[in-house]
Amino acid sequence: MKSAEFRDLEFDNVSFSWPNGVKVINQCSFVIEKPGLWMLVGENGSGKSTLFRLISGLIRPETGKIFCSFKPSLVYQNPDHQLLMPTCKSELMLCVPKTISYSKVLDLIQSALEKVDLGEMLDRPIHTLSGGQKQRLALAGAVVSNSNLLLLDEPTALLDPQSQDSVLKVVKKLTSSSIDPITAIWVTHRLEELFFCDGAAILKNGRISKWKSGSKVFQELKSLALR
Ligand SMILES: Nc1ncnc2c1ncn2[C@@H]1O[C@H](COP(=O)(O)OP(=O)(O)OP(=O)(O)O)[C@@H](O)[C@H]1O
Ligand SMILES: [Mg+2]
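The opening position of the sequence shown corresponds to residue 167 in the working numbering, with each subsequent residue numbered one higher.
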């Protein structure tokens with residue numbers, strides 16, 4: 167294990183099974199050491215969403231240890247399952263930490279909307295937003311809540327190419343900002359997205375491979391598909 171000051175997220179020999187007894191995560195170890203956009207690929211049922219539940223603390227490892235110094239936020243495939251309120255403003259109000267004084271709440275919400283390129287949308291009804299705009303609003307919720315780890319579970323799976331692009335661009339901006347860059351782990355089945363990440367890994371047989379460049383993982387998966 168590395169020394170505490172460098173460990174942002176670390177899995178140390180973590181195993182987990184659902185009640186059917188199958189070990190979905192099996193002696194899995196990995197580290198995320200620095201902010202950036204980290205992508206994770208793996209076949210259907212390989213355990214990617216289970217891994218996110220472990221990171222966010224919704225479920226606990228059977229054996230092994232998880233060290234997480236981040237405040238995580240989950241973003242799902244379908245924003246309609248995540249957004250609850252009638253307008254962007256009221257939605258983001260729900261995410262404001264209780265410690266923020268009332269006079270600062272609107273500024274915080276407006277600044278989060280600007281970070282996700284929705285600066286003009288404060289009073290917009292959510293049902294009038296496109297899918298990509300809804301996903302970016304979900305990202306603004308994570309920003310408002312002061313989260314520094316985005317767990318993005320196929321966030322573009324239901325989006326058209328233009329909206330897909332807009333979400334990728336915003337996450338890239340948040341994770342590469344020169345002031346307080348955040349960390350994102352992005353699960354994808356859309357392999358072309360791998361070219362935008364800072365590192366990618368494959369989840370297989372319950373374990374995560376080494377982090378490699380996105381283009382390398384893209385090539386590996388393409389050559390496997392051609393066999
Ligand atoms: N809440 C649950 N209860 C019981 N079994 C579950 C639960 N969630 C997932 N599983 C099982 O764990 C295994 C891994 O599922 P998981 O959803 O983590 O995979 P995934 O890699 O996210 O798949 P996909 O790419 O289809 O989203 C599957 O066999 C699934 O049926
Ligand atoms: Mg999944």
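Cβ coordinates follow ideal geometry from the N, Cα and C atoms, glycine included. The model shown is predicted, which means the values in this text are computed figures rather than measured ones.
Handout entry: Given 8 Å, three or more beta-carbon pairs between the segment 271 to 284 and the segment 200 to 208
Key = no
Handout entry: Exposed unless 16 or more other CB atoms sit within 10 angstroms - verdict on residue 349
Key = As a first step, residue 349 must be located in the sequence shown, where it is residue number 183. Buried, because 16 or more other Cβ atoms sit within 10 Å of the Cβ of residue 349.
Handout entry: Nearest neighbour of residue 183, chosen from 391, 200, 215, 235 [CA to CA]
Key = Numbered from 1 along the sequence shown, position 17 holds the residue referred to as residue 183. Nearest of 391, 200, 215, 235 to residue 183, Cα basis: 215.
Practice task
Take residue 200 and list the residues in its own chain whose beta-carbon comes closer than 6 Å to its own, dropping the five residues that flank it on each side.
Solution key: Working through the sequence shown from its first residue, we reach residue 200 at position 34. Hits under 6 Å: none found.
Problem - Residue closest to residue 188, alpha-carbon to alpha-carbon, out of 299, 176, 212 - result: Position 22 of the sequence shown, counted from the start, is the residue given in the question as residue 188. Selected option, being the one with the closest Cα: 212.
Handout entry: Backbone CA spacing between residue 326 and residue 332 [nearest angstrom]
Key = As a working mapping, residue 326 is identified with position 160 in the sequence shown. As a working mapping, residue 332 is identified with position 166 in the sequence shown. Taking the straight line joining both Cα atoms gives about 10 Å.
Problem - Minimum C-alpha distance to residue 232 - residue among 240, 222, 316 - result: Here residue 232 is taken as the residue at index 66 of the sequence shown, counted from 1. The candidate whose alpha carbon is nearest that of residue 232 is 222.
Problem - Near ligand 2: residue 214 beta-carbon under 7 Å from a heavy atom - result: Locating residue 214 in the sequence shown gives position 48, counting from the first residue. For ligand 2, at least one heavy atom lies less than 7 Å from the Cβ of residue 214.
Practice task
Rank 260, 377, 185 by C-alpha distance to the C-alpha of residue 227 and give the top, closest one.
Solution key: The count along the sequence shown starts at 1 and reaches residue 227 at position 61. Closest option to residue 227, Cα to Cα, is 185.
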